[in-house]
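Structure first, commentary second.
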Amino acid sequence: MAFDGFCIKRIVYEYNELFKDARISKIIQNNNFDIVFVIKKGKDSYNLFASANPSMSYTYLVKDKGEAPSSALSFCMILRKYLANGKILNVAQKGNERIIVFEIEHLDEMGDLSVKKLIFELMGKHSNIILTDENDVILDSIKRVSALTSSLREVLPKKEYFFPSDLKKINPFEADVKKEIESNIDSMTDEEKSKLSVSNLLIGLFEGVSKNFAKEILFRSNVSDEKINAVNKSATDAICDSFEILLKECQSFDRFFEYKKDSKIYDYSSFEMKHLNESYDSKEFTDLYLCEYLALFYSEKHDQNVILQKSNDIVNLLNSHISKNKKKEAEWEKELILCENKDELKKYGELLKAYSHSIQRGKSARVLDYYTGEEIDIPLDEN
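Residue 312 in our numbering is what sits at position 301 of the sequence shown, and the numbering runs on without skipping anything.
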């Protein structure tokens with residue numbers, strides 16, 4: 012299952028259950044993208060991991076919080092200033108999108124209680140971790156986004172925070188799914204219907220719908236992923252019915268499923284993915300938090316990705332130095348060619364300086380070489 016809006020909904024439910032009224036005791040930022048929050052509630056302690064890595068943006072609970080670097084990064088210092096020992100009041104999701112908002116009560120500089128918002132935007136290359144005050148004014152973010160980088164939204168200190176403006180999809184939990192699908196199809200032209208597939212319609216229309224979720228709807232509806240113009244009304248009704256059944260399953264947080272092939276974990280889901288049952292071995296979990304299970308699923312991939320990214324950074328740095336030195340080498344070779352006769356040219360310069368009072372304008376100057384005692388002709392630029 013993709014780390015989609017339905018997965019986030021389950022995680023937010025679990026975070027609320029685990030962290031409500033808990034306190035943030037420690038904040039560790041190991042690199043430019045990853046942060047671990049050590050959260051304590053009574054005798055229990057949790058390590059909440061969040062990553063804004065463009066290629067792997069996730070949040071889950073980890074066992075090992077990792078070592079804090081000798082000198083903290085600037086964003087980590089800001090988080091410690093405003094959130095250290097802060098009390099988590101609530102954890103919420105923005106619609107059905109991959110956005111999690113923590114409301115944290117903390118003492119301000121004057122010793123008064125104030126509320127800060129810690130926002131995880133887990134949206135692929137647009138992922139970010141943002142801290143705002145109670146008036147939604149940005150205090151800082153793990154990735155600063157200027158107007159030069161994005162024309163849609165700036166993410167900078169003292170700027171007003173707002174959810175990404177391109178999120179104009181419908182929250183399926185707050186809408187009449189059948190009505191929205193039918194009205195959207197009715198408003199499309201014949202050309203649009205001939206180009207858009209059913210799965211892409213569902214993904215583009217509703218918040219948090221991933222390819223896997225759309226695939227499961229089509230499997231349960233017994234409808235192939237055809238273009239809209241090839242789907243009749245009975246197929247549309249079946250799709251809407253399957254969608255509504257899946258929504259109900261996603262609101263039940265008492266179980267989730269794991270899918271394996273050849274003893275290797277292939278996928279997971281907060282609902283039963285029937286389209287995988289024939290090809291994969293499924294296992295149902297009822298006594299484990301999904302946010303704990305995700306550490307098993309993603310931590311190895313995350314570590315591999317971090318190693319790959321760091322190795323790519325090293326390779327890019329080396330390639331940059333090699334490229335610069337190759338350019339320098341070409342320039343040095345040109346200089347070497349120009350300097351091949353430097354000793355002779357140096358002697359010409361000395362002789363011309365010594366006999367400058369007697370030299371006439373022309374193509375050459377005949378002077379006495381006092382090193383050899385012979386007369387020689389030195390070529391000149393007659394201009």
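We put the beta carbon where it would ideally sit given N, CA and C, even for glycine.
{"Asked": "Give a yes or no on contact between the segment 211 to 227 and the segment 146 to 166, applying the rule of three or more CB pairs nearer than 8 Å.", "Found": "no"}
{"Asked": "DSSP state of Gln262, grouped into three classes?", "Found": "coil"}
{"Asked": "For Ser82, which of Glu346, Lys74, Asn41 has the nearest alpha-carbon?", "Found": "Asn41"}
{"Asked": "Using the Cα positions of Leu305 and Phe264, report the straight-line distance between them to the nearest angstrom.", "Found": "15 Å"}
{"Asked": "CB-CB under 7 Å to Gly77, same chain, minus the five flanking residues each way: which ones, in chain order?", "Found": "Ile39, Asn41, Val47"}
{"Asked": "Given this structure, state the Cα-to-Cα distance separating Leu216 from Leu167, to the nearest angstrom.", "Found": "30 Å"}
{"Asked": "Give, in chain order, every unbroken run of the alpha helix (DSSP H) that is at least 4 residues long and sits entirely within the segment 64 to 97.", "Found": "85 to 94"}
{"Asked": "Quick test of the definition: if touching needs 3 or more C-beta pairs under 8 Å, does the segment 248 to 262 touch the segment 42 to 62?", "Found": "no"}
{"Asked": "Tell me the DSSP secondary structure of Phe17 in three-state form.", "Found": "helix"}
{"Asked": "For the beta strand (DSSP E) containing Arg231, list its first residue and its last residue.", "Found": "First-last for Arg231: 222 to 232, but that is the alpha helix (DSSP H), not the beta strand (DSSP E)."}
{"Asked": "Taking only three categories from DSSP, how would you classify Asn101?", "Found": "strand"}
{"Asked": "Identify every run of the alpha helix (DSSP H) within the segment 276 to 357, keeping only runs that are complete inside it and at least 4 residues long; order them along the chain.", "Found": "301 to 349"}
{"Asked": "Below 8 Å, how does it come out for the segment 287 to 299 and the segment 263 to 279: are there three or more Cβ pairs, yes or no?", "Found": "yes"}
{"Asked": "Taking the alpha carbon of Val73 as the point to measure from, which residue in Tyr57, Cys87, Val209 has its own alpha carbon closest?", "Found": "Tyr57"}
{"Asked": "Between Glu344 and Asn330, what straight-line distance do the alpha-carbon atoms span, to the nearest angstrom?", "Found": "21 Å"}
{"Asked": "Is the beta carbon of Asn107 less than 8 Å from the beta carbon of Phe184?", "Found": "yes"}
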